[in-house]
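Below is one structure, written out as structure tokens; the observations come after it.
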Amino acid sequence: MIVCITGATSGIGKATALHFAKNGHQLIITGRRKEKLDQLKQEIEAKYNVEVLVLSFDIQNKEAVNQAVKSLKGKWQKIDVLVNNAGLALGKETFDNADISDFETMIDTNVKGLLYITKPIVELMKKNGGGHIINLSSTAAKEVYPGGHVYCATKHAVDALTKGMRIDLLPYEIKVTSIAPGMVDTEFSTVRFKGDKSKADDVYKGFTPLYAEDVADVIYYAATTPKHVNLNDVVLTATAQANSYITLKNA
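If you read the sequence shown in our numbering, its first letter stands for residue 114, the second for the next number, and so on.
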């Protein structure tokens, strides 16, 4: 398979790229930090002997996304799986105290960015006779928690878009899956708290969270089910996490 993964520079995206590469699949990896993409390409090609294509762009930039997809030539147009992993949360303030620029960045990345990359790749999948779109959602798509407001809204949007895509793309044999993880120990909280490592580290103290590799394993399983099987909606959390905001932590 040829698998396109957005936000592959770190966390779940990087772990997913490594998981597919380990199993012999060719990759298109995307993200803003080209040096990290190049490092990952070198690591994968040396370790697993699979081809990797790097596309570096900001997923918030519609023109840059379109140009990147248009640049695909030959076999790279035959994308079997798109993993829409790029996304972020910014801030944990209450709605009235939050920064509206954070709202815009989350909407531009988590919703509009997902649409920008998915639309042209869907056209390639239609020409190729099928494919699989895997959208990285969140438990925040299922319920809203204090300080979550706009981030939760963006993930609720991803949940709705996934359902809508599944209906509209059914005639083209394009599978559509939502993977909704709970708390995953990645750069997520560091980004949310704008580099404040002490706040970010506190999020995962006192219990064992999910790790990027756990989510990558589920993504890979979803992508490799038989042709007649589709996992519509998968929610996974750490054993110590009951939902988006109730977690059993050790004293």
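Note that beta-carbon positions come from the ideal geometry of N, C-alpha and C, so glycine has one too.
**Request:** Please go through the segment 318-353 and give each complete alpha helix (DSSP H) segment of 4 or more residues, from N-terminal end onward.
**Result:** 325-336
**Request:** Determine, using beta carbons only, whether Ala335 and Thr290 come nearer to each other than 7 angstroms.
**Result:** Mapped onto the sequence shown, residue 335 falls at position 222. Mapped onto the sequence shown, residue 290 falls at position 177. A contact, by the Cβ cut-off of 7 angstroms.
**Asked** Straight-line CA distance for Lys127 to Asp221?
**Response** Within the sequence shown, the letter at position 14 stands for residue 127. Within the sequence shown, the letter at position 108 stands for residue 221. Cα to Cα, the separation comes out at about 22 angstroms.
**Prompt:** I think Leu227 touches Asn197, with their Cβ atoms under 8 angstroms apart; what is that distance to the nearest whole Å?
**Reply:** For the purposes of this step, residue 227 is taken as the residue at position 114 of the sequence shown. For the purposes of this step, residue 197 is taken as the residue at position 84 of the sequence shown. Indeed, because the Cβ distance is near 5 angstroms, the residues count as touching under 8 angstroms.
**Message:** For the beta strand (DSSP E) containing Lys288, name the first residue and the last one.
**Reply:** Taking the sequence shown and counting its residues from 1, one reaches residue 288 at position 175. Start and end: Ile287 to Pro294.
**Item:** Sub-7 angstroms separation of Ile292 and Leu249 beta-carbons
**Value:** For the purposes of this step, residue 292 is taken as residue 179 along the sequence shown, with counting starting at 1. For the purposes of this step, residue 249 is taken as residue 136 along the sequence shown, with counting starting at 1. In contact: Ile292 and Leu249 (Cβ atoms closer than 7 angstroms).
**Prompt:** Going along the chain, which residues of its own chain have a beta-carbon closer than 8 angstroms to the beta-carbon of Lys225, five neighbours each way excluded?
**Reply:** The sequence position of residue 225 within the sequence shown is 112, counting from 1. These residues qualify, in order along the chain: Gln173 and Lys175.
**Message:** Excluding the 5 residues flanking Lys288 on each side, which residues of the same chain have their C-beta closer than 6 angstroms to its C-beta?
**Reply:** Here residue 288 corresponds to residue number 175 of the sequence shown, with the count starting at 1. Closer than 6 angstroms at the Cβ level, and outside the excluded window around Lys288, lie His245 and Asn343.
**Asked** For Asn197, which residues does DSSP report across the bridge?
**Response** Within the sequence shown, residue 197 is the residue found at index 84, counting from 1. Paired residues: Asn248.
**Asked** From Ser169 to Tyr358, what distance separates their C-alpha atoms?
**Response** Along the sequence shown, one-based indexing puts residue 169 at 56. Along the sequence shown, one-based indexing puts residue 358 at 245. Each residue's Cα considered, the two are about 34 angstroms apart.
**Prompt:** If you draw a straight line from the alpha carbon of Phe301 to that of Asp327, how long is it in whole angstroms?
**Reply:** As a first step, residue 301 is located in the sequence shown; it is residue number 188 there, counting from the start. As a first step, residue 327 is located in the sequence shown; it is residue number 214 there, counting from the start. Each residue's alpha carbon lies about 15 angstroms from the other.
**Message:** Using 7 angstroms as the threshold, is the C-beta distance between Ala134 and Val163 below it?
**Reply:** Taking the first residue of the sequence shown as 1, we reach residue 134 at position 21. Taking the first residue of the sequence shown as 1, we reach residue 163 at position 50. Contact: yes.
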